[in-house]
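Undergrad:
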Ligand SMILES: C[S@@+](CC[C@H](N)C(=O)[O-])C[C@H]1O[C@@H](n2cnc3c(N)ncnc32)[C@H](O)[C@@H]1O
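Residue numbers (our numbering): 1248 to 1593.
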C-alpha cells in the first residue's frame, strides 16, 4: 500500500531511523517499516486500524522506544495523554516524537500541548497540505493529566475519560436527553451500550440492574468505560467492536446509542446509519433500540426500514431521541406521511 502524504512526510522528517520504532495510529506506516526491515511496535486506538497491521508488527506494551512516529487526529487531548505517557516512560532518556497530520487538523495548541511534556517542539514546513510536529527532550517532570475524573450531578455517577474520548469527563447534552427519556426497567435485560465513549450509558444501564455489554471501536473509549464502571462499583462486559459486528444475532433486548455523527475527520453519517441498521440483526424480536442524534440527521427512515416501528420519544432544539422496536415484519420501506412530529421538551 503506497504511503499517503502525511505518512510520507513523517518518514522523511524522521530521517535515519533506528531498528526499533514505535508507530502510533498509522497502520500503513507501520506495515511499510516492517517491510523494509524495522522492528516495529504499534499502537492503534481504532480497532479497524489495528486489524490492518501486518503480522510482523508487534503490539506496543508501553516499553520505552527512542523514536516514535505518530498520526495526529483532531483531538488535542489524546496527543496530550500520549506525550505525557511517552515522556514519563522515557524517564530522562532521549526520545524523538515525529507526529504528522493534515494541515486542517493541526493547531498551534498542539505545539503548546507537546511543550508540556517535551523541552523542544517545532513544526516542519508543510508539504501536500500536511505537516509534522517534532518533539524531543522529554521532561522528567511531565505530568499525566489523563484520565480525568468528574462527578456528574445529573446522574449521580463519576465519569472517567481518557484523552480524546467524546465529551471528555462530561455528560454530553444529547446523552443527557437520552438517559432522561429512557424508562425505568421493569426487568433485567441483556443491554448493549453501543459506541460507549466514556461509558456513562453503560453505567446507568448497569446501575438499573441490566446485564450490560459496552462496545466502541476506540481503545481509549473502552479504557474509559472500564474506569467509569469501576469508579461507580459497577460491572459490564467490554470489548472493542466496529459497530455491532462483534455481537451475535438475536443476543440483546435493549440497545442504547448516541452514535458517532462522523467517521474520523469526515462528517459522513452513512457509517452511523449502517451501525444503527445492524440493530435489527442483534436485537431479539420485540427488543428496543434507543438512540439520540442531532435533530437534522436523516436517521428516522433508516430506523423504520432496517429495524422497525420508530417513535420520537423526546426532542429539544438540538436532539431527537428515538425508540425503535425490532419487528422484521413491520419494517417500512417508505415514510408514512407526518411520521415524525416530535414533541419539544426542555
Ligand atoms: C457521540 S459518541 C457517544 C459516546 C458515549 N456513548 C456518550 O454518550 O457520551 C460516539 C462514539 O462512537 C464511537 N465510534 C465511532 N465509530 C465507531 C464504530 N464504527 N463502531 C463503534 N463505535 C464507534 C466513538 O469512539 C465514540 O465513542
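Even for Gly, the Cβ is constructed at its ideal location relative to N, Cα and C.
Keep in mind the model is a prediction, meaning the values are calculated, not measured.
For residue 1486, count neighbouring Cβ atoms within 10 angstroms of its own Cβ and tell me buried if that reaches 16, exposed if not.
TA: exposed
Undergrad: Straight-line CA distance for residue 1435 to residue 1545?
TA: Residue 1435 and residue 1545 have their C-alpha atoms roughly 32 Å apart.
Undergrad: Is any heavy atom of ligand 1 found at a distance shorter than 7 Å from the C-beta of residue 1448?
TA: Under cutoff, so the answer is yes.
Undergrad: Tell me whether residue 1562 sits in a helix, a strand or coil according to DSSP, three-state version.
TA: Of the three classes helix, strand and coil, the one that applies to residue 1562 here is strand, per DSSP.
Undergrad: Following a CB-centred definition, is residue 1486 positioned closer than 7 Å to any heavy atom of ligand 1?
TA: no
Undergrad: Measuring only the C-alpha atoms, how far is residue 1466 from residue 1440?
TA: 15 Å
Undergrad: State yes or no: is the C-beta of residue 1416 nearer than 7 Å to some heavy atom of ligand 1?
TA: no
Undergrad: Can you tell me whether DSSP reads residue 1521 as helix, strand or coil?
TA: For residue 1521, the three-state secondary structure derived from DSSP is helix.
Undergrad: Run through DSSP, which three-state label would residue 1484 get?
TA: strand
Undergrad: Tell me whether residue 1306 sits in a helix, a strand or coil according to DSSP, three-state version.
TA: In the structure shown, the three-state DSSP call for residue 1306 is strand.
Undergrad: Short of 7 Å in beta carbon distance, which residues of its chain neighbour residue 1512, apart from the five on each side in sequence? Order them along the chain.
TA: With a pLDDT of only 47 at residue 1512, under the threshold of 50, the placement of this residue in the model should not be trusted; the figure read from the coordinates follows. Around residue 1512: 1321 and 1352.
Undergrad: Ligand 2 and residue 1505: does any heavy atom of the ligand fall closer than 7 Å to the residue's C-beta?
TA: In terms of ligand content, the structure shown lacks ligand 2 and carries ligand 1 instead.
Undergrad: Between 1553, 1337, 1556 and 1456, which has its C-alpha nearest residue 1382's C-alpha?
TA: 1337
Undergrad: If we call anything under 8 Å between Cβ atoms a contact, is residue 1271 one with residue 1317?
TA: yes
Undergrad: Does the beta carbon of residue 1445 fall short of 7 Å from some heavy atom of ligand 1?
TA: yes
Undergrad: If we count the other Cβ atoms within 10 Å of its Cβ and call it buried at 16 or more, is residue 1588 buried or exposed?
TA: Because residue 1588 sits at a pLDDT of 42, beneath the cut-off of 50, its placement in the model cannot be relied upon, and the point is left open.
Undergrad: With a threshold of 7 Å (Cβ to nearest heavy atom), would residue 1468 be considered close to ligand 1?
TA: yes
Undergrad: Beta carbon of residue 1282: closer than 7 Å to some heavy atom of ligand 1?
TA: no
Undergrad: With a threshold of 16 other CB atoms inside 10 Å of the CB of residue 1285, please say whether the residue is buried or exposed.
TA: buried
Undergrad: Starting from the Cα of residue 1428, find the closest Cα among 1408, 1538 and 1542 and give me that residue.
TA: 1538
Undergrad: Distance, Cα to Cα, residue 1573 vs residue 1419?
TA: About 26 Å.
Undergrad: Go ahead and pull the three-state DSSP assignment for residue 1279.
TA: helix
Undergrad: Counting Cβ pairs, one atom from each stretch, are 3 or more of them under 8 Å apart for the region 1473-1488 and the region 1513-1531?
TA: Contact between the region 1473-1488 and the region 1513-1531 is absent, because fewer than three Cβ pairs lie under 8 Å.
Undergrad: Between which residues of its own chain and residue 1343 is the CB-CB distance below 6 Å, once the five residues before and five after are set aside?
TA: 1314 and 1383
Undergrad: Report all residues from its chain with a CB closer than 7 Å to the CB of residue 1519; omit the five preceding and five following residues, and keep chain order.
TA: 1506, 1507 and 1508
Undergrad: Leaving out the 5 sequence neighbours to the left and right, which residues in its chain are closer than 7 Å to residue 1266 when beta-carbon positions are compared?
TA: 1285 and 1286
Undergrad: Classify residue 1429 as helix, strand or coil using the three-state DSSP reduction.
TA: Here residue 1429 sits in coil by DSSP.
Undergrad: Suppose contacts are defined by Cβ-Cβ distances below 8 Å. Is residue 1250 in contact with residue 1269 by that definition?
TA: no
Undergrad: Check whether the region 1358-1372 touches the region 1291-1309, taking contact to mean three or more Cβ pairs, one atom from each stretch, closer than 8 Å.
TA: Here the region 1358-1372 does not lie against the region 1291-1309, with fewer than 3 beta-carbon pairs under 8 Å apart.
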